[in-house]
Amino acid sequence: MSLIGIFNDKFRGGGVSVKTSLGGNVISNWNFELGDTAWAKGVNWEIVNDGVYGWVLWANGVEAMTNTHQVNALQLGVQYRVEFDIVEYISGSMRILVGDGGPGIVRSAVGHYVQDIVCSLSLWFYVQAIAAGSDFKIDNIIARPYITIEEDE
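In the numbering used here, the protein residues as written are 430 to 582.
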């Protein structure tokens, strides 16, 4: 069979099965139970055991466009399923950035959020406050890469 024939067979399902699944969480200290471990915090960002929600990341009146992040947690060009909880909300807004070019949806309410973001421009994972004076608490940050597996049928 020619190379063109092999190429066409793959895209017509000629004996190759493509499966996509989610890998494991790449975020260290995702539930903040290890305190400051693995997170570089911006001014007025705190990791606290607040007595209500347990260990959380608290944006305590932070300035606009400040963040808390992890370095080298990601891979460029990989799509991640990102999940997190805003467990308490007082003011402001926030988003997740997967690399410097993979912005998430701006959030400003208590809830469990899920979205898919492709990592671009850097390997850093950010929690970013958008508005000045943002005051909210976040917990359970999970980022799992999509993994594609090709198998012969």
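Virtual Cβ for every residue (Gly too), placed ideally from N, Cα, C.
Each of G530, N478, D514 and Q499 was checked against the Cα of V507, and the nearest Cα belongs to G530. Between the beta-carbon of G464 and that of V491 there is about 19 Å, and that puts the pair past the 8 Å contact cut. Ranked by Cα distance from V527, the options A561, I559, S551 and T577 are led by S551. Each residue's CA atom was taken as its position, placing I525 and S450 some 22 Å apart. Distances from the alpha-carbon of S520 to those of W553, D568, N489 and I476 put N489 closest.
A contact is defined here as three or more CB-CB pairs under 8 Å, and the region 471-481 fails this definition with respect to the region 533-541. Around the beta carbon of K448, a 10 Å sphere encloses fewer than 16 other beta carbons of the protein chains shown; the residue is thus reported as exposed. If the five residues before and after D545 are omitted, its C-beta is found closer than 8 Å to the C-beta atoms of Q508, Y509, R510, V511 and Y575, all from its own chain and listed in chain order. In the three-state scheme derived from DSSP, where H, G and I count as helix and E and B as strand, G540 is classed as strand. Between T495 and the set V547, G562, V516 and V485, the nearest pair of CA atoms involves G562.
Residue environment: A493 is assigned as exposed (fewer than 16 neighbouring CB atoms within 10 Å of its CB, all protein chains considered). In this structure N478 is not in contact with T466, their Cβ atoms being roughly 14 Å apart against a cut-off of 8 Å. Taking the Cα of F461 as reference, the smallest distance to any Cα among I578, I571 and A560 is reached at I571. Excluding its 5 nearest sequence neighbours in each direction, M523 has C-beta neighbours in its own chain below 8 Å: A488, I515, V535, R536, S537, V556, Q557, A558, I559, S563, F565 and I567, listed in chain order. Between E579 and V445, the gap from beta carbon to beta carbon is short of 8 Å. Per DSSP, M523 is one residue of the beta strand (DSSP E) stretching across M523 to V527.
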